[in-house]
Amino acid sequence: MKLSSATFLLLAAVHQSAGELSCPTELTQSLYLTPTLDLYYDVVVATSVDEKNILCARLESRTEGWLGFGISPSGGMAPAEAVIGLPDDVTVLKYDMSQKSSSGVVPMDDDKQTLMNKSIVQENGSTVMAFSKYLDEDTYPLSDGENTCIFAEGGSNTFGYHGSSRGQFTLNLDTAASTTTDAPSMGDATTTQPPVAAPSDGNPSSPESAPSDGNPSSPDSGAKGRGVVGTMLISFGAVVVWFAM
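Mapped onto mature numbering (1 follows the signal peptide of the UniProt record, and there is no 0), the consecutive letters of the sequence shown carry residue numbers -19 to -1, 1 to 226.
What follows is the structure, encoded as structure tokens:
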């Protein structure tokens, strides 16, 4: 698995509002997660006490269905926190995941819905979810060092069981590391292959009702100015463990 060199971007003066950073127009880092799913990302570093470091992320799926990205110290579905995009509702929201059933996956309270630059769109059989989030927030912040994250691709546009298309990967935010293009070894880790074709128009396997919370979100145009402030290592390794654990 190959990664592009890890270059972190600083946005010098462009903000959406006071204390809020913006994402670069182009995300320079990428990760192959499955044959149908890729992650693109960058970290934007704060330069004042009124700002917080943010992760800018975009999941691109070559299928049609809901998408999920989560932070899970155990590597499993629960307990965890996730960003889930529902194409039919046109929502990208933060969820608490306390159980492996759909009843344990609930949207966070309104005061915790702090995602920025969020959107989910479908075109020509593909689904793209974009968002940015603060690194240091909620129960499971993203830290300097290794972070265990999870992902999932749904079989329909409303939230339900994802089948085998889910997994775990390690996100290493190491400010002291040298730049590399090689992913870390995962030892005896195994990978379950997800489906490579878009789901049919029939009913998905074991679907659940979609959450109704949230309003449609529109994509952000990105940053107008940025400067390179250093190099950092972000390396991932993918291994599958989400809903079916």
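Every residue, glycine too, gets a C-beta built ideally from N, C-alpha and C.
Round the Cβ separation of residue i and residue j to the nearest angstrom and send it over; I've been treating them as touching at under 8 angstroms.
i	j	result
Asn138	Glu45	7 angstroms
Asp119	Glu62	6 angstroms
Phe132	Ile65	At roughly 11 angstroms, the Cβ-Cβ gap does not stay under 8 angstroms, so Phe132 and Ile65 are not in contact.
Pro88	Tyr76	6 angstroms
Leu14	Phe150	7 angstroms
Using the three-state DSSP reduction, which class does residue i fall into: helix, strand or coil?
i	result
Asp77	strand
Glu45	coil
Cys4	coil
Val25	strand
Thr9	coil
Asn196	The predicted position of Asn196 is uncertain, since its pLDDT is 47 and thus under 50; a value taken from the coordinates is nonetheless stated next. Note: Asn196 maps to coil in three-state DSSP.
Asp70	coil
Gly57	coil
Asp19	strand
Val30	coil
Ser186	The predicted position of Ser186 is uncertain, since its pLDDT is 42 and thus under 50; no value can be drawn from it.
Quick check on this structure: which residue in the options has the alpha carbon closest to the alpha carbon of residue i?
i	options	result
Gln10	Ala38, Gly66, Gly49	Ala38
Glu1	Cys130, Leu96, Gly148, Gln149	Leu96
Glu102	Leu48, Pro5, Phe140	For the sequence presented, residue 102 should be read as Val rather than Glu. For Val102, the nearest C-alpha among the options comes from Leu48.
Leu20	Gly51, Lys33, Ala27, Ser3	Gly51
Arg147	Glu134, Asn153, Ser107	Glu134
Lys93	Asp117, Val71, Gly106, Asp70	Asp117
Asn128	Asp91, Pro54, Ala59	Pro54
Glu32	Gly106, Tyr115, Leu152	Tyr115
Cys4	Lys99, Gly136, Asn105	Lys99
Cys130	Ala59, Asp70, Gly106	Ala59
Verify the CB distance criterion: does residue i have a CB-CB separation below 9 angstroms to chain B?
i	result
Thr15	Going by chain labels, chain B is absent from the structure shown, which holds only one protein chain.
Can you list the beta strand (DSSP E) stretches of 3 or more residues lying completely in the stretch 81 to 145, in chain order? Restricted to the stretch 81 to 145, the beta strand (DSSP E) segments that are unbroken, complete and at least 3 residues in length are 86 to 88, 97 to 104, 107 to 115, 126 to 134, listed in chain order.
Kindly confirm or deny that the stretch 23 to 42 and the stretch 111 to 128 touch, where touching means at least three C-beta pairs closer than 8 angstroms. With the cut-off at 8 angstroms, the stretch 23 to 42 and the stretch 111 to 128 touch.
I want to know whether the stretch 22 to 37 touches the stretch 75 to 95 - three or more CB-CB distances under 8 angstroms. At 8 angstroms Cβ cutoff, the stretches do not touch.
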